[in-house]
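Engineer: With this note's numbering, letter number 13 in the sequence shown gets 127, and the count goes up by one each step, no holes.
Dropping a structure here in structure tokens format, bear with me for questions.
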Amino acid sequence: MLLPYSISIASFSGILMLEFKKSVPVGEPVRGISDRLEIDRRLKGVRCPICKWQPDRESRWTCWDCDHPEFFYNGCGTDWNTFETGGQCPTCLHQWIWTSCLACWGWSKHEDWYQEEPG
Ligand SMILES: [Zn+2]
Ligand SMILES: [Zn+2]
115 MLLPYSISIA
125 SFSGILMLEF
135 KKSVPVGEPV
145 RGISDRLEID
155 RRLKGVRCPI
165 CKWQPDRESR
175 WTCWDCDHPE
185 FFYNGCGTDW
195 NTFETGGQCP
205 TCLHQWIWTS
215 CLACWGWSKH
225 EDWYQEEPG
């Protein structure tokens with residue numbers, strides 16, 4: 115006696131999802147991992163005194179001519195993260211007293227951004 119039976123065939127569509135994740139930052143000098151951790155640690159306590167925005171490692175400020183409140187007219191055009199250098203432009207070495215917020219565009223004294231002691 116033959117028993118009825120069914121065969122289910124699962125068909126697989128042969129699509130391979132390939133993800134290429136490039137983790138190499140472009141245009142950024144290669145730093146040691148300890149430097150990166152140190153920067154992250156330092157940025158943790160940094161907040162805009164006005165809106166509490168927190169910059170991260172990728173945040174960039176530009177050294178540029180500025181009227182109020184810095185009154186600095188020799189901006190060299192360098193883009194850098196001002197909290198990595200304590201407000202000093204790495205190119206022309208101008209020490210910025212004031213730092214603008216990239217979120218609310220308000221100006222605050224650089225030292226006022228350090229809301230919490232790191233560590
Ligand atoms: Zn702000
Ligand atoms: Zn500069």
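Every residue gets a Cβ at the ideal spot worked out from N, C-alpha and C, and that includes glycine.
#1: With hydrogens ignored, establish whether the beta-carbon of residue 194 is closer than 7 Å to any heavy atom of ligand 1.
#2: Mind the definition here: the stretch 213-222 touches the stretch 160-168 only if three or more C-beta pairs lie below 8 Å; say whether that holds.
#3: For residue 177, I'd like the list of residues in its chain whose CB is within less than 6 Å of its CB, leaving aside the five on either flank, ordered along the chain.
#4: Taking the straight line between their C-alpha atoms, what separation do you get for residue 183 and residue 173?
#5: Using the Cα positions of residue 157 and residue 185, report the straight-line distance between them to the nearest angstrom.
#6: Hey, how far is the Cα of residue 180 from the Cα of residue 148?
#7: Should residue 220 be counted as a contact of ligand 2 given a C-beta to heavy atom distance under 7 Å?
#8: Is any heavy atom of ligand 2 found at a distance shorter than 7 Å from the C-beta of residue 182?
#9: Using only alpha-carbon positions, find the residue among 187, 160 and 194 that is nearest to residue 223.
#10: Taking 7 Å as the line, does the beta carbon of residue 165 fall inside it for any heavy atom of ligand 2?
Structural biologist: A quick look at the data gives this:
#1: For the purposes of this step, residue 194 is identified with residue 80 of the sequence shown, where counting begins at 1. Checking the Cβ of residue 194 against ligand 1 gives no.
#2: yes
#3: Walking along the sequence shown from the start, residue 177 turns up at place 63. Excluding positions up to five away in sequence, the list reads 189, 190, 192 and 203.
#4: Here residue 183 refers to the residue found at position 69 when the sequence shown is read from its first residue. Here residue 173 refers to the residue found at position 59 when the sequence shown is read from its first residue. Going by the C-alpha atoms only, they are around 21 Å apart.
#5: By 1-based counting over the sequence shown, the position of residue 157 is 43. By 1-based counting over the sequence shown, the position of residue 185 is 71. One C-alpha to the other measures close to 26 Å.
#6: If you number the sequence shown from 1, residue 180 lands on position 66. If you number the sequence shown from 1, residue 148 lands on position 34. Rounded to whole angstroms, residue 180 to residue 148 spans 34 Å at the Cα level.
#7: The residue labelled residue 220 in the question sits at position 106 within the sequence shown. No; taking the cut-off as 7 Å, the Cβ of residue 220 has no heavy atom of ligand 2 nearer than that.
#8: Here residue 182 refers to the residue found at position 68 when the sequence shown is read from its first residue. No, since every heavy atom of ligand 2 falls outside the 7 Å radius drawn around the Cβ of residue 182.
#9: As a first step, residue 223 is located in the sequence shown; it is residue number 109 there, counting from the start. Cα-wise, what sits closest to residue 223 is 160.
#10: Taking the sequence shown and counting its residues from 1, the one referred to as residue 165 is at position 51. No.
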